[in-house]
Amino acid sequence: MEESAVSHSETAGEAPANAYHDQKRHWWWLPLFVAISPVLGIWLQAMTGQGVWLWFTPILWYVALPVADWIVGRDERNPPDAAVPTLEDDNYYRFLVYSTIPLFFITWIVAAWAVATQGYGWVGYLGVTIGVALTNGLALVVGHEIGHKKERYQKRLAQIVLAVPAYGHFSAEHNRGHHKDVATPGDPASARFGESLYAFVLREIPGALGRAWADEKTRLARQNKSVWSTSNELLQSFAITAVLYGTALLLWGWVLIPFIIISTFWGWQFLSTSNYIEHYGLLRQKTETGRYERCKAEHSWNADHLVSNLMLFHLQRHSDHHARPTRCYQALRSDKAPELPSGYPLCFTLAYIPPLWRAIMDKRVLEVYDGDITRVNIQPSKRQAILARHGAAYGA
335 MEESAVSHSE TAGEAPANAY HDQKRHWWWL PLFVAISPVL GIWLQAMTGQ GVWLWFTPIL
395 WYVALPVADW IVGRDERNPP DAAVPTLEDD NYYRFLVYST IPLFFITWIV AAWAVATQGY
455 GWVGYLGVTI GVALTNGLAL VVGHEIGHKK ERYQKRLAQI VLAVPAYGHF SAEHNRGHHK
515 DVATPGDPAS ARFGESLYAF VLREIPGALG RAWADEKTRL ARQNKSVWST SNELLQSFAI
575 TAVLYGTALL LWGWVLIPFI IISTFWGWQF LSTSNYIEHY GLLRQKTETG RYERCKAEHS
635 WNADHLVSNL MLFHLQRHSD HHARPTRCYQ ALRSDKAPEL PSGYPLCFTL AYIPPLWRAI
695 MDKRVLEVYD GDITRVNIQP SKRQAILARH GAAYGA
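Following our numbering, the numbering of the sequence shown begins with 335 at its first residue and continues without gaps.
Written out as structure tokens, the structure reads:
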């Protein structure tokens, strides 16, 4: 875990576009496997009688993926610039992303049925529920990928898939809020140096919802429409959520209440943890005009670990995403940017343990800024103590 915080990646040659072959092309189906993995665990438990299979998805995310990242290692290969348009026009990649959407609904419904009717006991119930929470997190990744695209039908698909984890405000908040304010103190989705994951979650989740609602209200006001009109894109997605959750409760009863609460909030935590590790401590500096500089590669943490990047549709190539938000996942590039010590699955576990996270990441943040703590995005409540600890004058 002690590799440099900055990756010096190489572009995959200058071959003509028609000569480029995506060597990961036939591995991008792996997110579909993750999306349906709780159902696979339920089936394996039914076939074998072994309750451990109900924990299949949590074990996959928190154990198997970090091990796979460690064994397989990093992939810094990039497509040549000339190949990007061809890659982005290839319907194969779109088909894979779109195919996950019905799988998220199937997984949620099958899991709800299973925990309500199969008498698993609380351990099995919890295993399935956390598994669904993790697939809810992947649904948010898919909503993120699709929601950035320009076509109206893709934005509609994002609304639909975001209904599964009950996070219909994500596209409005992320696209029109986070991408504008990223790596600044006012962004609820950018973590500050010295801020624990738990403090960040309590700031980010309500902050994101509030910013999305205010932005949607402003958008509709320009059209002379009420925020409560049927044109409200947040309410459209939340309505799908209400139908999904409400129908399940009518069919299988109140036994689903813990399932819904835990899977929903843990899924939100998945997104918040991703946001936490993606920009921790990084800060856009102010220019002479008093405005923040434009977002650069140095304002996002990245991970080139191959297996988790495949599972997350290249979400870990985060700097290129912020530079080119509409670029499709298969064309995202590894950049000269701050590097995480591992892929997201292991970083999640590190973030769950704040002293361990800070022991590993704080020095990486300082490395990005050549040891100058005054250039870091610091948690305001800890600013004086942090500046004093690093020998800087308070008020800097």
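Using N, Cα and C, we set each Cβ at its ideal position, and we do this for glycine too. Here the structure is a predicted model, which means the values were calculated and not measured.
Cα-Cα separation between residue i and residue j, rounded to whole angstroms
{"i": "SER571", "j": "ALA353", "result": "42 Å"}
{"i": "VAL577", "j": "GLY725", "result": "56 Å"}
{"i": "LEU617", "j": "GLY624", "result": "14 Å"}
{"i": "PRO689", "j": "LEU644", "result": "29 Å"}
{"i": "GLN603", "j": "ILE370", "result": "20 Å"}
{"i": "GLY601", "j": "SER642", "result": "17 Å"}
{"i": "HIS648", "j": "ARG661", "result": "11 Å"}
{"i": "LEU674", "j": "SER560", "result": "43 Å"}
{"i": "ILE443", "j": "TYR579", "result": "9 Å"}
{"i": "THR552", "j": "ASN566", "result": "11 Å"}
{"i": "LEU399", "j": "VAL589", "result": "31 Å"}
{"i": "ALA542", "j": "LEU531", "result": "15 Å"}
{"i": "TRP547", "j": "HIS503", "result": "7 Å"}
{"i": "LYS358", "j": "PRO659", "result": "21 Å"}
{"i": "VAL495", "j": "VAL457", "result": "28 Å"}
{"i": "ASP279", "j": "TYR663", "result": "The chain is shown from 335 up to 730; residue 279 falls before or after that span and cannot be answered."}
{"i": "ALA582", "j": "ILE720", "result": "49 Å"}
{"i": "LEU585", "j": "PHE682", "result": "35 Å"}
{"i": "LEU388", "j": "ARG411", "result": "36 Å"}
{"i": "ILE707", "j": "LEU568", "result": "39 Å"}
Counted within 10 angstroms of its Cβ, other Cβ atoms place residue i as buried (16 or more) or exposed
{"i": "ARG545", "result": "buried"}
{"i": "THR564", "result": "exposed"}
{"i": "GLU507", "result": "buried"}
{"i": "GLN379", "result": "buried"}
{"i": "MET695", "result": "buried"}
{"i": "GLN718", "result": "exposed"}
{"i": "GLN557", "result": "exposed"}
{"i": "HIS482", "result": "buried"}
{"i": "VAL418", "result": "buried"}
{"i": "LEU474", "result": "buried"}
{"i": "GLU344", "result": "Reliability fails at GLU344, whose pLDDT of 42 lies under 50, so the model's placement of it is uncertain and the value that follows must be treated cautiously. The residue is exposed, with fewer than 16 neighbouring Cβ atoms inside 10 Å."}
{"i": "GLN384", "result": "exposed"}
{"i": "GLN650", "result": "buried"}
{"i": "PRO672", "result": "buried"}
{"i": "GLU538", "result": "buried"}
{"i": "TYR427", "result": "buried"}
{"i": "GLU612", "result": "buried"}
Within 7 Å, strictly: CB atoms of residue i and residue j
{"i": "ASN636", "j": "HIS655", "result": "no"}
{"i": "LEU468", "j": "THR391", "result": "yes"}
{"i": "ALA665", "j": "PRO365", "result": "no"}
{"i": "PRO372", "j": "VAL462", "result": "yes"}
{"i": "GLY677", "j": "HIS633", "result": "no"}
{"i": "GLY615", "j": "VAL699", "result": "yes"}
{"i": "ASP746", "j": "ARG486", "result": "The shown model of the chain, from 335 to 730, leaves out residue 746, and the question about it has no answer."}
{"i": "GLN488", "j": "ILE480", "result": "yes"}
{"i": "ASN470", "j": "SER608", "result": "no"}
{"i": "TRP377", "j": "LEU430", "result": "no"}
{"i": "HIS512", "j": "ALA500", "result": "no"}
{"i": "GLY587", "j": "GLN713", "result": "no"}
{"i": "LEU491", "j": "VAL368", "result": "no"}
{"i": "VAL476", "j": "THR434", "result": "yes"}
Helix, strand or coil at residue i [DSSP, three-state]
{"i": "ILE712", "result": "strand"}
{"i": "PRO499", "result": "coil"}
{"i": "ARG408", "result": "strand"}
{"i": "ASN425", "result": "helix"}
{"i": "ASN566", "result": "coil"}
{"i": "PRO592", "result": "helix"}
{"i": "LYS559", "result": "coil"}
{"i": "ARG672", "result": "For the record, residue 672 in the displayed sequence is Pro; it is not Arg. Strand."}
{"i": "TYR703", "result": "coil"}
{"i": "GLU337", "result": "At GLU337 the pLDDT is 44, less than 50, meaning the model places this residue with poor confidence and gives no usable figure here."}
{"i": "TYR354", "result": "coil"}
{"i": "TYR610", "result": "helix"}
{"i": "HIS648", "result": "coil"}
{"i": "LYS620", "result": "strand"}
{"i": "SER371", "result": "helix"}
{"i": "TYR626", "result": "strand"}
{"i": "HIS724", "result": "coil"}
Candidates the options, of which the one nearest residue i by Cα
{"i": "ASP521", "options": "LEU569, LEU680, SER606 and LEU585", "result": "SER606"}
{"i": "ILE595", "options": "SER433, THR575 and TYR610", "result": "THR575"}
{"i": "ALA525", "options": "LEU437, ALA450, VAL710 and LEU399", "result": "VAL710"}
{"i": "TRP395", "options": "PRO679, LYS483, ASP415 and LEU472", "result": "PRO679"}
{"i": "ILE464", "options": "LEU554, PRO672, ALA445 and LEU437", "result": "ALA445"}
{"i": "VAL535", "options": "PHE599, THR518 and ALA448", "result": "PHE599"}
{"i": "SER715", "options": "TYR610, ALA693, ALA533 and HIS613", "result": "ALA533"}
{"i": "VAL386", "options": "GLY407, TYR454, ASP704 and VAL401", "result": "TYR454"}
Distance cut-off 6 Å: residue i Cβ against heavy atoms of the ligand FAD
{"i": "LEU366", "result": "With respect to small molecules bound, the structure shown includes none, and the ligand FAD cannot be examined in it."}
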